[in-house]
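K.L.:
Could you have a look at this structure, given as structure tokens, before my questions?
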Amino acid sequence: MTQLHARHELMYGDVKLFAGTACPDLAQDIARHLDLELCGREIIEFPNENLFVKLHKSVRGQDCYVIQTTSAPVHRNLMELLILIQTLRLDSAARITAVIPYLCYARSDKKDQPRVPITARLVADMIEIAGADRYITMDLHAGQIQGFFSIPGDVMTAFHILMDYLKSIRSTLHDPVVVTADLGFAKKGRNFAAGLNAPMAFIEKRRIANDSKAEALTVIGDIRDHDVVLVDDEVSTGGSMAQAVELLKNAGACKVYMVFVHAALTESGAKRLAALPVEKFVITDTIPIPPAYRDGFGERLVVLTVADLLGEVICRANQGRSVGEMFGE
Ligand code: R5P
Numbered sequence: 001m002t003q004l005h006a007r008h009e010l011m012y013g014d015v016k017l018f019a020g021t022a023c024p025d026l027a028q029d030i031a032r033h034l035d036l037e038l039c040g041r042e043i044i045e046f047p048n049e050n051l052f053v054k055l056h057k058s059v060r061g062q063d064c065y066v067i068q069t070t071s072a073p074v075h076r077n078l079m080e081l082l083i084l085i086q087t088l089r090l091d092s093a094a095r096i097t098a099v100i101p102y103l104c105y106a107r108s109d110k111k112d113q114p115r116v117p118i119t120a121r122l123v124a125d126m127i128e129i130a131g132a133d134r135y136i137t138m139d140l141h142a143g144q145i146q147g148f149f150s151i152p153g154d155v156m157t158a159f160h161i162l163m164d165y166l167k168s169i170r171s172t173l174h175d176p177v178v179v180t181a182d183l184g185f186a187k188k189g190r191n192f193a194a195g196l197n198a199p200m201a202f203i204e205k206r207r208i209a210n211d212s213k214a215e216a217l218t219v220i221g222d223i224r225d226h227d228v229v230l231v232d233d234e235v236s237t238g239g240s241m242a243q244a245v246e247l248l249k250n251a252g253a254c255k256v257y258m259v260f261v262h263a264a265l266t267e268s269g270a271k272r273l274a275a276l277p278v279e280k281f282v283i284t285d286t287i288p289i290p291p292a293y294r295d296g297f298g299e300r301l302v303v304l305t306v307a308d309l310l311g312e313v314i315c316r317a318n319q320g321r322s323v324g325e326m327f328g329e
């Protein structure tokens, strides 16, 4: 990262990395990639649950990045992010970038029934109002959520990271078929299929209520006697994936490999997944998995880090260099 020191001063001042409390390990790994330390700050919760933030040093004129994923506890983590951003703004940071590996409320992105909110838009507004100049996030549930922000952003994908792993085990897979856990992920699933040079199938799923319960209806495509690479963007209760695996097994699938980006798992969701007849669970660290949740997965859990990717994006953002260039775009 020698270039960082050579060029960043010309662009936006020193990079200052701050982290909330949501993903400390990922934040440390990003800092390590950049050969920097996380900046000192205090985050205190008062008895009335109000949060208080204090920076240890001035950030006047600096290029500041707040690393905070917005997984559970969602509202606490979101408020930490907003308050950190406002604190930096009030201390006259030159530029503030919200680095949000997992953006909460992304599933609430449209009015698909009367009298409901579009909470993803509200979250985007709050991040801007708090004082962010830019944002960096990963694998948004729907790409159109970018349009809820009027500040520029870098929306990255873990696709290449997941794909590299899948390619490394490709020779062990028996006639693999890539299956998307719902039709909404079909387009992204196609990229996985192309990367593995494998055919595709889909699970048609229909939400039947607003209470996290889903019904997996049918498999579209041929999976009998094939190994299956089951892909999705996020898993929470594990309900969709459990139904998908049952459906696939009943339809004659051989081994199932489950791949998803955001492990937004509940405790019971983790237990439900661990009990499934799945060979490997390939995920990323956009959301930390509490140690207790790992019980039952054993060697089957493969957690790939997005730290280097996010670190590189921060480096390039600071230097005013293209991010697309990283992918030959
Ligand atoms: C939904 O559209 C998403 O792609 C996931 O399928 C969903 O978030 C999974 O939720 P759960 O694990 O609670 O079924």
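Residue numbers (the working numbering): 1 to 329.
For each residue, glycine too, the CB sits at the ideal point set by N, CA and C.
Computed from a prediction, not measured in an experiment: that's the story for all the values here.
1. With distances taken from CA atoms, which of 97, 104 and 86 is nearest residue 70?
2. Taking three-plus beta-carbon pairs below 8 Å as touching, is the segment 128-144 in contact with the segment 160-176?
3. Reducing DSSP to helix, strand and coil, say where residue 160 ends up.
4. For the ligand R5P, is there any heavy atom lying closer than 7 Å to the beta carbon of residue 384?
5. Does the beta-carbon distance from residue 66 to residue 98 come in below 8 Å?
6. Note down the Cα distance separating residue 90 from residue 38, rounded to an integer number of angstroms.
7. Can you check DSSP and say which residues form a bridge with residue 135?
8. Once the 5 residues before and after residue 227 are set aside, which same chain residues still bring their CB inside 6 Å of it?
9. Could you round the C-beta distance between residue 229 and residue 178 to whole angstroms and report it? I think they count as a contact, below 8 Å.
10. For the segment 246-308, list the beta strand (DSSP E) runs that are entirely contained and at least 3 residues long, ordered along the chain.
11. Using 8 Å as the threshold, is the C-beta distance between residue 18 and residue 84 below it?
12. Which whole-angstrom value describes the C-beta separation of residue 49 and residue 68, a residue pair presumed to lie in contact below a C-beta threshold of 8 Å?
13. Please report the distance separating the alpha-carbon of residue 26 from that of residue 57.
14. If you draw a straight line from the C-alpha of residue 223 to the C-alpha of residue 203, how long is it?
15. Between which two residues does the beta strand (DSSP E) carrying residue 45 extend?
16. Between residue 300 and the rest of its own chain, which residues show a CB-CB distance below 6 Å, the 5 nearest in sequence each way excluded?
17. Reducing DSSP to helix, strand and coil, say where residue 21 ends up.
18. Does DSSP put residue 180 in a helix, in a strand, or in coil?
19. Give the DSSP-derived three-state secondary structure of residue 59 in the structure shown.
20. Give every residue of the same chain whose Cβ lies closer than 7 Å to the Cβ of residue 36, excluding the five residues on either side of it in the sequence, and list them in chain order.
21. Give the single residue among 273, 311, 306 and 302 whose Cα lies nearest to the Cα of residue 296.
22. Relative to the C-alpha of residue 231, which candidate in 249, 251 and 200 has its C-alpha closest?
23. Tell me which residues share the same chain as residue 60 and place their Cβ nearer than 6 Å to its Cβ, disregarding the 5 neighbours each side in the sequence.
24. Alpha carbon to alpha carbon, how far is residue 245 from residue 137?
25. Within the segment 70-116, note down every full alpha helix (DSSP H) run reaching 4 residues or more, in order along the chain.
26. Any heavy atom of the ligand R5P closer than 7 Å to the CB of residue 236?
27. Identify whether residue 118 lies in helix, strand or coil by the three-state DSSP scheme.
P.N.:
To lay it out plainly:
1. Against the sequence shown, residue 70 aligns to sequence position 70. With distances taken between Cα atoms, residue 70 lies closest to 104.
2. no
3. Here the question's residue 160 lines up with position 160 in the sequence shown. Helix at residue 160.
4. Nothing can be reported for residue 384, as the shown portion of the chain is limited to 1 through 329.
5. Counting from one through the sequence shown, the residue named residue 66 turns up at place 66. Counting from one through the sequence shown, the residue named residue 98 turns up at place 98. Yes, the Cβ-Cβ distance between residue 66 and residue 98 is below 8 Å.
6. Stepping through the sequence shown from its first residue, residue 90 is reached at position 90. Stepping through the sequence shown from its first residue, residue 38 is reached at position 38. Between residue 90 and residue 38, the C-alpha separation is close to 19 Å.
7. Taking the sequence shown and counting its residues from 1, one reaches residue 135 at position 135. Answer is 98 and 153, bridged to residue 135.
8. Walking along the sequence shown from the start, residue 227 turns up at place 227. Same-chain partners within the cutoff: 173, 174, 176, 254 and 255.
9. What you label residue 229 is simply residue 229 of the sequence shown in a count that begins at 1. What you label residue 178 is simply residue 178 of the sequence shown in a count that begins at 1. Contact holds; Cβ gap of about 5 Å.
10. 256-263, 280-284 and 301-304
11. In the sequence shown, counting from the first residue as 1, residue 18 sits at position 18. In the sequence shown, counting from the first residue as 1, residue 84 sits at position 84. Contact flag set, yes.
12. Within the sequence shown, the letter at position 49 stands for residue 49. Within the sequence shown, the letter at position 68 stands for residue 68. Actually they do not touch by this definition, with Cβ atoms about 18 Å apart.
13. Start at 1 with the first residue of the sequence shown, and residue 26 comes out as number 26. Start at 1 with the first residue of the sequence shown, and residue 57 comes out as number 57. Roughly 22 Å between the two C-alpha positions.
14. Within the sequence shown, residue 223 is the residue found at index 223, counting from 1. Within the sequence shown, residue 203 is the residue found at index 203, counting from 1. In a straight line, the C-alpha of residue 223 is about 11 Å away from that of residue 203.
15. As a first step, residue 45 is located in the sequence shown; it is residue number 45 there, counting from the start. Note, residue 45: beta strand (DSSP E), 41-45.
16. Translated into positions along the sequence shown, residue 300 becomes position 300. Within the same chain, residue 300 has close Cβ partners 280 and 281.
17. Counting from one through the sequence shown, the residue named residue 21 turns up at place 21. It is coil, neither helix nor strand.
18. Numbered from 1 along the sequence shown, position 180 holds the residue referred to as residue 180. Three-state result, residue 180: strand.
19. Sequence index remark: in the sequence shown, residue 59 carries index 59 (1-based). In the structure shown, residue 59 sits in coil (DSSP, three-state: anything other than H, G, I, E or B).
20. Residue mapping note: residue 36 aligns to position 36 of the sequence shown, counting from 1. Result list for residue 36: 15 and 17, in chain order.
21. Reading the sequence shown from its first residue, position 296 is the one you call residue 296. Out of 273, 311, 306 and 302, 273 has the C-alpha closest to the C-alpha of residue 296.
22. To locate residue 231, count along the sequence shown from 1; it is residue 231. Checked all of 249, 251 and 200; the closest Cα to residue 231 is 200.
23. Your numbering for residue 60 matches position 60 in the sequence shown. For residue 60, where only same-chain residues beyond five positions count, the Cβ hits under 6 Å are 92.
24. Along the sequence shown, one-based indexing puts residue 245 at 245. Along the sequence shown, one-based indexing puts residue 137 at 137. Cα to Cα, the separation comes out at about 29 Å.
25. 74-90
26. Position 236 of the sequence shown, counting from 1, holds the residue named residue 236. Yes - the ligand R5P has a heavy atom lying nearer than 7 Å to the Cβ of residue 236.
27. In the sequence shown, counting from the first residue as 1, residue 118 sits at position 118. Residue state, collapsed to three classes: coil.
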